[in-house]
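Numbering-wise (the working numbering), the sequence shown opens with residue 450 and increments by one.
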Amino acid sequence: EEDEEDEEDEEDEGDDDEEENNKNNQNNQNNQLLTEQLKPRTSSLPPLLVPLTSRKAERLHYLGVSFGLTQSLYGFWAKSGFSPLYLRQNASDITGEHTCIMATALAHPEVEGTEWLKPFSADFRSRFAGLLGGAFRDMSPALSLAVLDPQLNYSAEATQKAVSEGVVVLRGDGQSMDAHDLRRLQAYSNSLVDYHLILDLVPSLALAYFAGKLPVSLSYAQAALLVVMGMQRKELRDAQEALGGAAAAAAAAAAAGSNNSNNNSNNYNNSHSSNGNAAYSGLPQSQLLALFNKAIRRLHNCIRSSREEQIARTLPRASAAKLAGTVLGRGGVGAAAGGEIMSLDEELDEAAKLEKERLRKKYLAAEDLAAFAIKGEEGQFAEALGGKTPSAGGVVSVRAEARQREGGDGRGDGEGGE
């Protein structure tokens, strides 16, 4: 028991010493805070903050901007060289706008060129086209076309190149359009059926066109109709209302974009969209339907030409020597000079020329036309005219030489022909 009491006394004394040491340390620290002078501990550590004027600007890879998507703002940033990379599918509860992120690439010594941004923008536009029938179904056609930024005008060489390489348009089930689909498109192009018969093919045609797989030239209104009826899958009546409602927004965007005189208009042209909406917003449904028919006709002609050329490649062809021998046996029709094979139209034209020459020689011979020659000489006609010009419809008579009637009594005719 005495030992336990001694240990407790020692512990109490140790606790008292520890408390006293803590108090002394705290007093020393308080004294240091009052007397300490602020200065860098070591001269090798850099400062945390420095003035911007003393800091060299770093080289940037790109510049980005984020804003609520409107016609005027998108036109401004697009003209400034910015490309869209992101568009929020849910609109803001406060402004009702979709958040858009755009960026432009800058020249950097570590990166070769500025083309690295284009694949990201192309991927965004591809996803945006697929969402036009869902989250962005109520977006105006002018703003939709501005974001898609499609090429509307193609040269004949570009169209022919695509036809030669082959045009493939996939339906909703992943299969390419068959002969029955093309027959329906042809019937509508010839105004034989109503447009409702091909509405299931319009989304596939619109996706292929805006992806650049159908390089045919369309007007702005025709492209807007493809967006509304093909991408957003609305009726023609909704298309008319959408084009009318977008005209004012596009005009405002054009006015806002025209204030910036240094803008680059390579990516988007607000004035073009404004003029297109203003020109077609007041059209009745019949005229919009006529524009839609012309657009479908051009797309169908491109697909049909590609199919015809693909089938023509599979057909057997005769050799040039054999074809030349056949041509010589038919009188030279079918091959041009130098042995070049002629097309079907050229062959038909050449055959028509040969047939006309044969008929002319057969029915228009000089000896056969002599019976219809006018008798008389130049002097006789001049004497009959008396130096005057005959009136319109007038008749001039000259005396012909007397000739014996065939089988007659040998007396002259008297008066000659007229």
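Ideal placement from N, C-alpha and C gives every residue a C-beta, glycine not left out.
Start-to-end residues for the alpha helix (DSSP H) that takes in residue i
| i | result |
| --- | --- |
| L592 | 590 to 597 |
| G582 | Element bounds for G582: n/a, residue is neither H nor E. |
| N900 | An answer regarding residue 900 cannot be provided, because it is not within the stretch 450 to 867 covered by the chain. |
| A801 | 793 to 812 |
| E827 | 827 to 834 |
| T608 | 605 to 614 |
| F525 | 520 to 528 |
| G630 | Before going on, a small fix: residue 630 reads as Asp here, not Gly. Segment 628 to 638, the alpha helix (DSSP H) holding D630. |
| P496 | No alpha helix (DSSP H) contains P496, which DSSP labels as neither H nor E. |
| F659 | 651 to 659 |
| E816 | 815 to 818 |
| A670 | 669 to 674 |
Beta-carbon proximity check, residue i vs residue j, cutoff 8 Å
| i | j | result |
| --- | --- | --- |
| T563 | A571 | no |
| G517 | E546 | yes |
| A552 | L512 | yes |
| H749 | L601 | no |
| L740 | Q689 | no |
| I752 | V616 | yes |
| P590 | V651 | no |
| L654 | V618 | yes |
| P568 | R508 | no |
| L592 | A578 | no |
| S515 | I550 | yes |
| I745 | L634 | yes |
| S613 | E758 | yes |
| Y644 | L522 | no |
| L581 | Q681 | yes |
| H510 | V560 | yes |
C-alpha gap between residue i and residue j, whole angstroms
| i | j | result |
| --- | --- | --- |
| K810 | E816 | 11 Å |
| S707 | K528 | Reliability fails at S707, whose pLDDT of 41 lies under 50, so the model's placement of it is uncertain and no value is given. |
| Y669 | L663 | 16 Å |
| G747 | A660 | What sits at residue 747 in the sequence shown is Arg, not Gly. Looking at the two C-alpha atoms, the distance is approximately 16 Å. |
| Y535 | F573 | 7 Å |
| E469 | T502 | 53 Å |
| Y637 | A673 | 19 Å |
| L483 | N473 | 16 Å |
| S493 | V499 | 15 Å |
| A605 | G679 | 25 Å |
| E467 | R504 | 52 Å |
| A595 | T763 | 42 Å |
| P765 | D622 | 33 Å |
| L566 | A607 | 25 Å |
| P495 | S532 | 39 Å |
| A703 | W526 | Residue confidence is low: A703 scores 49 on pLDDT, short of 50, so the model does not pin down where it sits. Its coordinate-derived value is still stated next. Those two C-alpha atoms are separated by around 13 Å. |
| K802 | L834 | 42 Å |
| N742 | Q609 | 22 Å |
| I823 | V844 | 13 Å |
| K837 | A814 | 35 Å |
| E826 | S792 | 51 Å |
| N711 | A554 | Unreliable positioning characterises N711 in this predicted model, as indicated by a pLDDT of 37, which lies under 50. A coordinate reading is not provided. |
| Q736 | R620 | 28 Å |
| N477 | Q486 | 15 Å |
| A819 | E804 | 24 Å |
| E795 | Q829 | 50 Å |
| S640 | A611 | 26 Å |
| M438 | D687 | The structure shown does not extend to residue 438, since the chain is modelled only from 450 through 867, so no value can be given for it. |
| R807 | A800 | 11 Å |
| N471 | K488 | 28 Å |
| A506 | L497 | 17 Å |
| L648 | D798 | 42 Å |
Nearest neighbour of residue i, chosen from the options [CA to CA]
| i | options | result |
| --- | --- | --- |
| G583 | C549, K824, R537 | R537 |
| T548 | V612, T519, W565 | T519 |
| K683 | D622, R586, L497 | R586 |
| S412 | V665, T544, L581, V596 | A query on residue 412 cannot be resolved here, the shown segment of the chain reaching from 450 to 867 and no further. |
| A691 | Y658, K610, E804, Q734 | Q734 |
| L685 | A657, E758, L732, L667 | L732 |
| N599 | L818, Y658, N471, Q829 | In the sequence under discussion, the amino acid at residue 599 is Pro, which differs from the Asn named in the question. It is Y658. |
| L667 | S575, Y603, L797 | Y603 |
| R576 | D627, L648, L656, A611 | L656 |
Residue i - containing beta strand (DSSP E), residue span
| i | result |
| --- | --- |
| L536 | 532 to 536 |
Contact test: residue i Cβ vs the ligand GDP heavy atom, cutoff 7 Å
| i | result |
| --- | --- |
| D572 | Here there are no bound small molecules, and the ligand GDP is not part of this structure. |
Residues bridged to residue i (per DSSP)
| i | result |
| --- | --- |
| M551 | V514, P533 |
| S625 | L619 |
| H557 | V560 |
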